[in-house]
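Trainee:
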Amino acid sequence: MKIAVLGATGQTGQNLVNQALQQGHRITAIVRNPSKLTINHENLKVVEANIFSTDSLKPHFEGQDAVMSCLGFAPSLFSGITGYTESMTATLDAMREVKVNRIITMTSWYTEPNSGSNSPFYIRFMLLPIIRSVLNNMYEMERLLEKTEDFKWTVVRPPGLQNTPVTDKEFQTHEGFYVPDENGFPVGQTVSRSDVARFMLSLLSSNTWIKKAVSIISK
Numbered sequence: 184m185k186i187a188v189l190g191a192t193g194q195t196g197q198n199l200v201n202q203a204l205q206q207g208h209r210i211t212a213i214v215r216n217p218s219k220l221t222i223n224h225e226n227l228k229v230v231e232a233n234i235f236s237t238d239s240l241k242p243h244f245e246g247q248d249a250v251m252s253c254l255g256f257a258p259s260l261f262s263g264i265t266g267y268t269e270s271m272t273a274t275l276d277a278m279r280e281v282k283v284n285r286i287i288t289m290t291s292w293y294t295e296p297n298s299g300s301n302s303p304f305y306i307r308f309m310l311l312p313i314i315r316s317v318l319n320n321m322y323e324m325e326r327l328l329e330k331t332e333d334f335k336w337t338v339v340r341p342p343g344l345q346n347t348p349v350t351d352k353e354f355q356t357h358e359g360f361y362v363p364d365e366n367g368f369p370v371g372q373t374v375s376r377s378d379v380a381r382f383m384l385s386l387l388s389s390n391t392w393i394k395k396a397v398s399i400i401s402k
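Using this note's numbering, the first residue of the sequence shown is number 184, and each one after it goes up by one.
#1: Are Ser316 and Thr347 close, meaning C-beta to C-beta below 8 Å?
#2: In angstroms with no decimal places, state the Cα-to-Cα distance between Ile186 and Arg209.
#3: Can you tell me the Cβ-Cβ gap for Glu269 and Phe304, rounded? I've got them flagged as a contact below 8 Å.
#4: Pair every Cβ in the stretch 336 to 344 with every Cβ in the stretch 391 to 401, then say whether three or more of these pairs are closer than 8 Å.
#5: Where does Glu231 sit, in a helix, a strand or coil, going by DSSP?
#6: Quick one: grab the DSSP three-state call for Gln205.
#7: Does DSSP put Val339 in a helix, a strand or coil?
#8: Have a look at Ala191 and Thr221 and give me their C-alpha separation to the nearest angstrom.
#9: In the DSSP assignment, the beta strand (DSSP E) including Leu189 goes from what residue to what residue?
#10: Taking the beta carbon of Gly299 as the centre, do at least 16 other beta carbons fall within 10 Å, making it buried, or is it exposed?
#11: Taking DSSP as the reference, what is the three-state secondary structure of Arg215?
#12: Is it the case that the Cβ atoms of Asn301 and Gly367 are separated by a distance below 8 Å?
#13: Check whether the stretch 230 to 245 touches the stretch 255 to 275, counting contact only when three or more Cβ pairs, one atom from each stretch, lie closer than 8 Å.
#14: When DSSP builds the beta bridges, which residues end up paired with Met289?
#15: Residues bridged to Phe354 by DSSP?
#16: Using beta-carbon positions only, say whether Leu384 and Gln202 come within less than 8 Å of one another.
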């Protein structure tokens, strides 16, 4: 398949690009700084574009089978984050103009403000307040996608991300804001970035999570 990848220079994005190339896909990596992407492959095209500009993105989405986003923005304790919604708005507008309708993106567990009530103490009272500005804008982006009618979108929600090798573990999934055990408490706390990339790529050949958000963790 022909895939446009946003956030390809990030740690999860690089895993996704590498795995996609290994699977035989043709990748257009849309980046802000091409020098940060050191991957070389005959099926990889690296282009520079403004992720907040419809006109900048549109020529690179032309002819693609899907758009995949691993974009990330740093949290702020003093102001709101808008990068997720602003980049997604530009992305959807550009996709609509060139008639590409499949998009797979990632957010996180606990994007809904009250969904962390069953999380462990240090996550609930220490981590979540620090990253709440990011989670709030992720949640707004999820709501933005839910309101669309002309896109086959999927949101992948992983927990804490680790830089560990890809595995062949099965995924536990849940259509909610985290993966619960039988008592409603979160199952685990972390997942490998490489496994998140593996799951996202598996969605290209599946309709299971079309127009849905799915929380994941590897078993």
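The C-beta atom is built at its ideal place from N, Cα and C for all residues, glycine as well. Source: prediction; values computed, not measured.
Mentor: Answer, in terms of the structure:
#1: It is not a contact, given that the beta carbons lie outside the stated cut-off.
#2: If you draw a straight line from the Cα of Ile186 to the Cα of Arg209, it comes to about 6 Å.
#3: That pair is no contact at about 34 Å.
#4: yes
#5: Strand, per DSSP.
#6: Gln205: helix per DSSP, three-state reduction.
#7: strand
#8: 10 Å
#9: 185 to 189
#10: Per the 10 Å Cβ criterion, buried.
#11: coil
#12: Yes, they are a contact pair.
#13: Contact holds: three or more Cβ-Cβ distances are below 8 Å.
#14: In DSSP, Met289 forms a bridge with Val339.
#15: Bridge partners of Phe354: Ser401.
#16: yes
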